[in-house]
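Going left to right, the sequence shown walks through residues -2 to 295 as this note's numbering numbers them.
Structure record follows, encoded as structure tokens.
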Amino acid sequence: GTPKTALALVPLLFEELEKEKKLPKDSIKNNEFKKFVSDVLAETVEVFDSLESVYDILGVALGLERTMIPTTAKVYLIQLQNKFLTQRLIPGVDSIETVQNFTFNQYVQTFPSNEAVCDILDMMPIYEDIFRRMSASRLERVEKFARMGNPRKINGNKYMIYNFSTTVVGSMNAIRDFMNNLLTAYRDNRVYVIDWVALSSPGSTEEVEQVRNRLYGSEQRTAQTENAPQEPDRRRKRSRRSENRQTQIVGGRIFRTVSEEEAEEQPDYGAVVIGKNQHVTAVINFKYYKFIGDLLKK
């Protein structure tokens, strides 16, 4: 029978559809097919320099698994890794070694096995989609990125699930945009689920200290001095002066706390005072779900 490859099946499909008059003659040359090719080219860094490669992509859309021999797959891998680098698809990454570490670095000196070829062809488009969403979110840099474990099938082998972990740096808005770009990917027929997020900011400690100083005001005296014996008249006078003031002992020292009225008089009253430093690091673990229930069996 006819081998289940895009190069063999796609022309037959066009031929049958033309016979049934569901497509015009020479449909592979018409504007609709050219638009399909143009749309594909706009969404990937892969170079389609032959009709066969275009058939491959159309075949994947129709449920065919993409295939390559190991030597061709290695060339494909190297080309995409270099494209990721030269087009600055991964924010802050400027070395091919880092790109390789984020994707596949085990085939730099060797050729992939047939099983590994399937993994490469499956994963590289997913990697590209994630990196594009990172870039579109205006992240400052990606410090770490890795696939966690091997993909596994779920729900009666209808879906493949992939686990990823990344550490990214950028403004809070950029971090938020990246997470939103993952969660709204369903509009592009891609499904991501965020499992866990941890945020940290090098400026948060300084901000907290600034707020502490504003709340407690100026230091009055040490607690030991405050509790020391004083002349009765002086103690009564000081007590009357400060009876409306709130104090708090912090670290053995007494601070006067800013009153609510004083706080309301501040020019920035009601504004965000902790979290203004927008430069944050985020560790994000997420999943990607791929529907494989319509793949044609070999």
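Each residue gets a CB set at the ideal place from its N, CA and C atoms; glycine is no exception.
Just so it is clear, the structure is predicted and the values come from calculations on it, not from any experiment.
Below 8 Å between beta carbons: does that hold for residue i and residue j?
i: F283; j: F161; result: yes
i: V90; j: V139; result: yes
i: M65; j: Y73; result: yes
Take residue i and list the residues in its own chain whose beta-carbon comes closer than 7 Å to its own, dropping the five residues that flank it on each side.
i: E43; result: L77
i: S239; result: For S239, the pLDDT reaches just 47, beneath the cut-off of 50, and the residue's location in the model is therefore unreliable, leaving the point undetermined.
i: F108; result: P67, T68 and K71
i: P148; result: M157, I158 and Y159
Would you grab the beta carbon distance between residue i and residue j for me? Rounded to a whole angstrom, and I think it's under 8 Å.
i: M169; j: V277; result: 6 Å
i: D126; j: R63; result: Actually they do not touch by this definition, with Cβ atoms about 16 Å apart.
i: P67; j: V114; result: 6 Å
i: R135; j: D185; result: About 19 Å; that fails the 8 Å criterion.
i: L180; j: I191; result: 7 Å
i: E137; j: V166; result: 5 Å
Look at the alpha carbon of residue i and the alpha carbon of residue j, and state the distance between them as a whole number of angstroms.
i: Y285; j: Y159; result: 5 Å
i: R129; j: A70; result: 22 Å
i: G290; j: P199; result: 46 Å
i: I75; j: I151; result: 31 Å
i: N178; j: Q207; result: 34 Å
i: E300; j: N210; result: Lying outside -2 to 295, the shown extent of the chain, residue 300 is not represented and no answer is given.
i: E257; j: Y156; result: 57 Å
i: E29; j: Q275; result: 46 Å
i: M176; j: D116; result: 26 Å
i: A220; j: E261; result: Residue placement at A220 is flagged as unreliable, the pLDDT there being 49, under the threshold of 50; the coordinate-derived value follows with that caveat. Each residue's alpha carbon lies about 28 Å from the other.
i: K32; j: A39; result: 10 Å
i: K234; j: P264; result: With a pLDDT of only 49 at K234, under 50, the local geometry of the prediction cannot be trusted, and no value is derived from it.
i: E49; j: S197; result: 48 Å
i: F288; j: S110; result: 24 Å
i: V34; j: G153; result: 33 Å
i: D36; j: G60; result: 19 Å
i: L82; j: Y189; result: 24 Å
Of the choices the options, whose alpha-carbon is the least far from that of residue i?
i: I87; options: K141, R63 and M145; result: K141
i: Q84; options: A133, D116, Y52 and L61; result: A133
i: T100; options: E40, T163, Y52 and E49; result: T163
i: G146; options: E137, Q106, M120 and L136; result: M120
i: A182; options: S256, I123 and G153; result: I123
i: L118; options: V57, G153 and S92; result: V57
With a CB to CB cut of under 8 Å and the five nearest residues on each side skipped, what residues in its chain are close to residue i?
i: E94; result: N102
i: A143; result: F99, F161, S162 and T163
i: S92; result: L82
Among residues of its own chain, excluding the 5 on either side of residue i, which ones have a beta-carbon nearer than 6 Å to its beta-carbon?
i: V280; result: T164 and A195
i: K80; result: V42
i: E112; result: none
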